[in-house]
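Take a look at the structure below.
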Amino acid sequence: MKKIVSLAAILILPVWIALAQAPGNAENGKKLFLRNGCYECHGTVGQGGVGPRLAPRPMPAVALTAFVRKPSGNMPPYSAKVMPDSDVADVRAYLASIPDPPPVQSIPILRP
Amino acid sequence: MAKSKKFSFDRRDFIRGAATGAGFLAAQATSALAQQVAAPATAGAAAEGGSGRPGSDFMVDVVKSLDFEYIFAMPGSSFAGFHESILNYGGNKSPEFITCMHEESSVAMANGYAKIEGKPVLVCAHGTVGLQHAAMAIYDAFSDHTPIYIMLGNTLDATERRNEVIWAHSVQDASSMVRDIIKWDDTPQSLPHFAESAVRAYKICMTPPMGPTIIVADTEMQERPIPAGTSQRIPKLARSTPPAGDPAAVAEAAKLLVAAENPVLVASRCARTPEGMKLLVELAETLQASVIDQHRRMNFPTRHVLNQTLRTSPGAEPIAVPAAWGADVILGLESDDFYHTVEQAKQRGTPKLITVNSGDLFLHGNYQNFQRYSEADLSIAADAQATLPALIEECKRLITSNQRVAMQARGAKLAQLHAQAMDATRTEATYGWDASPISTARLSAELGDQLRNEDWSLVTDGAPWIREWPLRLWNFDKHYQYIGGAGGEGVGYAAPAAVGAAMANKKYGRLSVAIQPDGDLMCANGVLWTAAHHRIPLLILMHNNRAYHQEVMGIQSIANKWQRGIDRIGIGTKINDPNIDFAKLAQSMGVAAEGPIGDPKDLSAAIRRGIAVVKGGEPYLIDTLTQPR
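If you read the sequences in order, they're chains A and B. The numbering of the first sequence is my numbering, which starts it at 7 and goes up by one. The numbering of the second sequence is my numbering, which starts it at 0 and goes up by one.
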């Protein structure tokens, strides 16, 4: 049993690392994010809306891909047929490119 | 309403009913001025008919006795007699005729007005086509427990229907079309009958659970002279006291709440008046209990430390008690969807469930606005606000000194959690801060900042279209600062309700502001003209996401479910190509406006300009391009 697990780990690990490190194309990712309607629930800069916030610092690529395929809650599933892995990687790259928001203390109109 | 040139007749052509001719001609000799200053009959006083005045004059006397401030109506021939009497006999004062451009708007405006003022206006409409237009807004009001008073015109006597239009506009039983979604109606057969039923209709619509009532005013009864010898007595309005909870049940509820370790008070339409808000604060402070405001009314101050609404899921429908809270007693106060309110909490425990709901006292079977059946442990069929004084008193009586100490500790913990939730909310608002289209958080923060030193009132719904950002960021501590949304969730409610509420706010000098969804405004944008024509001060910020966004997401979800791609989901759901220029739309109807504004940096100055115009007594619209939610 241990051997099987180890073998699986050996086979999966490189894929995991590849996906986790997949740089993707942020520019194309932005187009896909808008074209595929991700922004409808998550906002155009992933700030959150009906769906949760996605950016900045999106979840790892593997986790994101897995979630997109089999989401929980009200999120509709995006199959590989509709959104290939490479597209998910590009979308993640776009989300990762979004800068941190300004600190709340720097926004006077948000004072209590 | 639809009109025909064939129908461009002098309403006084009822004179052709020659039997009344002599009396009528005598009436014509009376100067118009004399009619205008004629003192209306007072409630309870009796007078004799046969004065040569039309029946509609007496109807105006009745209406005046009920203290309506306004009539919201689109003109219609079936109540033209009454309309003329309002103008020339009643002096167009108390009530004053407000020109509406759709009967749905008339009723939705009345809904917004009632939620600010706590009483109805008079809505007039054709008994047929006018009521058909009004139906959705009536359903909203019925579901929202707001007092709406409607008078329909109708020509019941077939032999009096002078042309094909009147035939088309006549009906045997006018109210039948909406009888499932009103509280009561009547079709009076005489003027004394009209007086009695008109007063009764007012009494019924104002008794919790409040709701729409209808009186059908026969066209001929309006236009014929008051028959000689007709009593013109107007019955006294006997207001019903709101139904309060059974004392034994209230005592049991108090016992459960006082003994609870983690009680949660959930308020939806609890506070009918400012007093209701004070009472809920008193109950919460007595128990040091968590409060969740489901925002159907302004129930509880947003910055009160016991307000724990920020710790729930904003925008959820309904806002529910989170499982993690470990609530052991949950009290629902006019919470119409209590089943889903407590669903999560029941997954983690067995909280005792108490409801106080006037909706239990009045239900119809056809429309399903009564929501899923809730298995409460103690269900009190009563008006929550009217029940609160006895509940507070009983809780105070039961609390021991040891319990009081424990409650204070609980309250301190809740205050900490409230502060943490406020901080987290402000931080959340920073995400997408500089985004274009403008984030709904930024839109709300920019507007809220400029209201800090104003006496303001938000007259549109805060959730879920804008993720409740105003309710999360602003300091709401007055009852009139929020009116909730459309009870029946009908699109086309927000814009007219905002105008109606702004109308109620006007005499108090309040600054009315609306965050207006684009699709909703396109249902009945004639209210912009009404706002301009009647000088209704109202600042409208568009939430212009150029879509029926809820439906975009709905189609997207289904398309994904079947893996058929989402490239067509904009068909039938997006409002673009061409984009609507809301500033020009408003300007075309006399409302000063600017936009579209897509850069959030431009928003502050625009709002400042808008507030200046609104403070001058006029409406102002800013078209802002926004994120979907």
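We put the beta carbon where it would ideally sit given N, CA and C, even for glycine. This one's a predicted model, so the numbers in the text were calculated from it and none came from an experiment.
One alpha carbon belongs to residue 207/B, the other to residue 473/B, and they sit about 30 Å apart. Here the region 248-266 of chain B lies against the region 276-288 of chain B, with 3 or more beta-carbon pairs under 8 Å apart. Counting of Cβ neighbours within 10 angstroms places residue 555/B among the buried residues, the total reaching 16 or more.
The shortest CA-to-CA distance from residue 585/B to any of 532/B, 90/B and 346/B is the one to 532/B.
Taking residue 268/B as reference, the option from 455/B, 299/B and 423/B with the minimal CA-CA separation is 299/B. Annotated as distal: residue 492/B and residue 518/B, with beta-carbon spacing of 8 Å or more. Cβ atoms of residue 116/A and residue 428/B come within 8 Å of each other, at about 6 Å. One finds nothing in chain B with a Cβ atom closer than 7 Å to the Cβ of residue 79/A; even the nearest lies about 11 Å away.
Nearest CB-CB separation between residue 180/B and chain A: not below the 8 Å threshold.
For residue 555/B, a Cβ of chain A is located within less than 8 Å of the residue's own Cβ.
Judged by DSSP secondary structure, residue 74/A falls within the alpha helix (DSSP H) whose first and last residues are 67-75. Taken in chain order, the members of the region 395-429 of chain B whose beta-carbon sits within less than 9 Å of a beta-carbon on chain A are 421, 422, 425, 426, 427, 428 and 429.
By the C-beta density criterion, residue 192/B is exposed, having fewer than 16 other C-beta atoms within 10 angstroms. Beta-carbon to beta-carbon, residue 483/B and residue 628/B are separated by about 19 Å, too far to satisfy the 8 Å threshold. Between residue 465/B and residue 476/B, the alpha-carbon positions lie close to 20 Å from each other. Secondary structure at residue 123/B: strand, using DSSP grouped into helix, strand and coil.
DSSP lists 619/B as the bridge partner or partners of residue 591/B. Between the alpha carbons of residue 330/B and residue 416/B lies a distance of about 20 Å. Per DSSP, reduced to three states, the secondary structure at residue 468/B is helical.
Of the other Cβ atoms in all chains shown, fewer than 16 fall within 10 Å of the Cβ of residue 419/B; this residue is therefore exposed. Cβ contact annotation for residue 525/B (same chain, cutoff 8 Å, sequence separation greater than five): 99, 100, 101, 104 and 588, in chain order. The beta carbon of residue 443/B does not come within 8 Å of any beta carbon belonging to chain A, so the residue lies off that interface.
The beta carbon of residue 103/A does not come within 8 Å of any beta carbon belonging to chain B, so the residue lies off that interface. Residue-level contact by beta carbon fails for residue 33/A and chain B, as no gap is shorter than 8 Å.
A Cβ-Cβ separation of about 11 Å leaves residue 430/B out of contact with residue 58/A under the 8 Å criterion. With contacts defined by Cβ atoms closer than 8 Å, residue 500/B and residue 182/B do not form a contacting pair. By the criterion of at least three beta-carbon pairs nearer than 8 Å, the region 73-81 of chain A is not in contact with the region 379-389 of chain B.
Counting along the chain, the unbroken beta strand (DSSP E) around residue 151/B starts and ends at 147-153.
In its chain, beyond the 5 residues on either side, 155 have a beta carbon closer than 6 Å to the beta carbon of residue 217/B. Contacts with chain A at 8 Å (Cβ-Cβ) do not include residue 518/B.
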